[in-house]
Amino acid sequence: MDHYISKGQSDQEPLSLASFISYPYQNFQGVPVTQFTAGSPFSVRWDSNGTNFNLYVSGNPQPLHTGAGTSADLPQGLQTNTTLILEADNNVDKRYAFLTIIISNPVLTPETIWHDTGNMTNAGTLNVEGSLYNTTLTFGSEGVLNMGDNGFFQDLTVSQTSKISGTAFSNGLQSPTSNINSLTITNNLKTDGTTIAMIGGGHLLKFGIAFDILEVTAKTDGFAIITINPKDCDTNVASSCTITYGLQQYTVNGMVLEEDSTADIPQSGYCCIPIRNGDTWSCSGSNSGGDKVPLISVFWVPLGGGSDSYTTSGGN
4 MDHYISKGQS DQEPLSLASF ISYPYQNFQG VPVTQFTAGS PFSVRWDSNG TNFNLYVSGN
64 PQPLHTGAGT SADLPQGLQT NTTLILEADN NVDKRYAFLT IIISNPVLTP ETIWHDTGNM
124 TNAGTLNVEG SLYNTTLTFG SEGVLNMGDN GFFQDLTVSQ TSKISGTAFS NGLQSPTSNI
184 NSLTITNNLK TDGTTIAMIG GGHLLKFGIA FDILEVTAKT DGFAIITINP KDCDTNVASS
244 CTITYGLQQY TVNGMVLEED STADIPQSGY CCIPIRNGDT WSCSGSNSGG DKVPLISVFW
304 VPLGGGSDSY TTSGGN
């Protein structure tokens, strides 16, 4: 559609401008077309007796094309629906024509995208420079979420690996159950008002009255624990268990002492030794006295839990 705006007056032939239309790229013999795909090239043409022409995109004061010819090629195309403004000039008058180009698949940068129902799938890259509000946000196996600023999630479920390279701040973070099989912290772990349970259940390594040397290699940090229970044992009998770790030995005894002819005093034994990940410690048990001697229990309690937190050898 052409609109004419004339400026100035002269005795020379009136300035004319008509038939401002778009065509397939460099094909003025074809049928005029006003709809294209984003970025596809096209050409425009017009009829005029003007001597100079400026082609503008609506809202942009810089000409898209300047010249004396009555056609222009736009090899880069357009990204969104756009109104082109053509200015014709003969050094005396000016006339203008307007042409709206429709882009069938516009490249949008809206301030807000609202999706009411159903699923919205993005197979490429979604760049969000402002705020993103989403009830359910799902990433595939190769999906990556990069947050340059703050990220707020009302309900966040992570089924694979979560890596935080910067600082993570948590206010009121709650987790019903957290099972940690392998936790590596290179610097400090700080919690303020948050309870973190990191000690797994105890693994009973030995139970009896005597055994040879048992070697245990820790695959996590943890605790070696020995208990000796003298309940219901004979008087003046004893069991003993020794832990060897590094250059130290820790010996625990359990026995029943005879106080007088009517009363006995059971003496329980207990020992807890912290063990580093990767270290090897050993223990052995012995007894002396009658038939009913105190029972020895040796436990391994790892940090983080898991049955794969230790290996053993010996201890027959």
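This note's numbering puts the first residue of the sequence shown at 4, with every later residue one more than the last. Ideal placement from N, C-alpha and C gives every residue a C-beta, glycine not left out. Just so you know, these numbers come straight off a predicted model, no measurement behind them.
If I follow the unbroken beta strand (DSSP E) through residue i, where does it start and stop?
{"i": "Asn57", "result": "55–60"}
{"i": "Thr315", "result": "313–317"}
{"i": "Ala227", "result": "225–232"}
{"i": "Glu218", "result": "214–221"}
{"i": "Asp92", "result": "85–92"}
{"i": "Ala100", "result": "97–106"}
{"i": "Asp50", "result": "45–51"}
{"i": "Lys209", "result": "206–211"}
{"i": "Asp237", "result": "Segment: none, Asp237 is in no beta strand (DSSP E) and carries neither H nor E."}
{"i": "Asp76", "result": "74–77"}
{"i": "Thr112", "result": "Counting along the chain, Thr112 falls outside any beta strand (DSSP E), and DSSP gives it neither H nor E."}
{"i": "Phe302", "result": "298–305"}
{"i": "Leu20", "result": "20–27"}
{"i": "Gly42", "result": "Neither: Gly42 is in no beta strand (DSSP E) and is coded neither H nor E."}
{"i": "Thr128", "result": "No beta strand (DSSP E) holds Thr128; DSSP gives it neither H nor E."}
{"i": "Pro70", "result": "One detail in the question is off: residue 70 reads as Gly in this sequence, not Pro. Residues 68–70."}
Measuring alpha carbon to alpha carbon, tell me which of the options ends up nearest residue i.
{"i": "Arg98", "options": "Asn319, Asn130, Asn52", "result": "Asn52"}
{"i": "Val60", "options": "Phe39, Ile104, Val34", "result": "Ile104"}
{"i": "Ala221", "options": "Leu81, Asp282, Phe302, Asn55", "result": "Asp282"}
{"i": "Thr40", "options": "Ile216, Val110, Pro297", "result": "Val110"}
{"i": "Thr315", "options": "Val219, Pro66, Ala241", "result": "Val219"}
{"i": "Thr83", "options": "Asp96, Val95, Thr37, Pro277", "result": "Thr37"}
{"i": "Arg279", "options": "Thr223, Gly272, Ala213", "result": "Thr223"}
{"i": "Ser43", "options": "Phe56, Asn30, Ile106", "result": "Ile106"}
{"i": "Ile268", "options": "Cys274, Lys234, Asn55", "result": "Lys234"}
{"i": "Asp50", "options": "Lys166, Ile24, Thr128", "result": "Ile24"}
{"i": "Ser73", "options": "Thr85, Pro17, Gln79, Thr54", "result": "Note that residue 73 is Thr in the sequence shown here, rather than Ser. Here the closest residue by C-alpha is Thr54."}
{"i": "Asp206", "options": "Gln270, Asp311, Asn122", "result": "Looking at the sequence shown, residue 206 is not Asp but His. Nearest option by C-alpha distance: Asp311."}
{"i": "Asp294", "options": "Ala241, Leu250, Cys274", "result": "Ala241"}
{"i": "Leu77", "options": "Ser46, Gly33, Val34, Val95", "result": "Ser46"}
{"i": "Leu89", "options": "His68, Asp96, Gln15, Gln79", "result": "His68"}
{"i": "Gln15", "options": "Val95, Asn130, Tyr253", "result": "Val95"}
{"i": "Thr112", "options": "Met123, Asn122, Leu129", "result": "Leu129"}
{"i": "Cys275", "options": "Thr124, Gly257, Tyr253", "result": "Tyr253"}
{"i": "Gly257", "options": "Gly211, Leu250, Gln251", "result": "Gly211"}
{"i": "Val296", "options": "Pro305, Thr85, Gln270, Ser22", "result": "Gln270"}
If residue i sits next to residue j, beta carbons under 8 angstroms apart, how far is it from one beta carbon to the other, in whole angstroms?
{"i": "Leu20", "j": "Ala75", "result": "Leu20 to Ala75, Cβ: 14 angstroms. No contact."}
{"i": "Pro64", "j": "Leu58", "result": "Pro64 to Leu58, Cβ: 13 angstroms. No contact."}
{"i": "Leu87", "j": "Leu102", "result": "5 angstroms"}
{"i": "Gly292", "j": "Asp215", "result": "Not quite, the Cβ-Cβ distance comes to about 20 angstroms (not below 8 angstroms), so this is no contact."}
{"i": "Thr238", "j": "Val255", "result": "Rounded, the Cβ-Cβ distance is 20 angstroms, inconsistent with contact."}
{"i": "Gly325", "j": "Ile231", "result": "Only positions 4 to 319 of the chain appear in this structure, which leaves residue 325 out of reach."}
{"i": "Leu18", "j": "Ala71", "result": "Between Ala71 and Leu18 the Cβ distance is about 14 angstroms, and since that is not below 8 angstroms, they are no contact."}
Return yes when the C-beta of residue i is under 6 angstroms from any heavy atom of the ligand FMN, and no when it is not.
{"i": "Ser242", "result": "The ligand FMN is absent from the structure shown, which contains no ligands of any kind."}
Starting from the N-terminal side, write out each stretch of the beta strand (DSSP E) that is 3 residues or longer and does not extend beyond the region 240–291. Counting whole runs of 3 or more residues, the region 240–291 contains the beta strand (DSSP E) stretches 241–248, 251–261, 267–270, 272–278, 283–291.
Inspect the CB distances between the region 240–260 and the region 286–302 and report whether three or more fall short of 8 angstroms. Cβ pair count under 8 angstroms is three or more, so yes.
Touch test, the region 224–237 against the region 298–305, Cβ-Cβ under 8 angstroms, three pairs minimum: Under the three-pair Cβ rule at 8 angstroms, the region 224–237 counts as touching the region 298–305.
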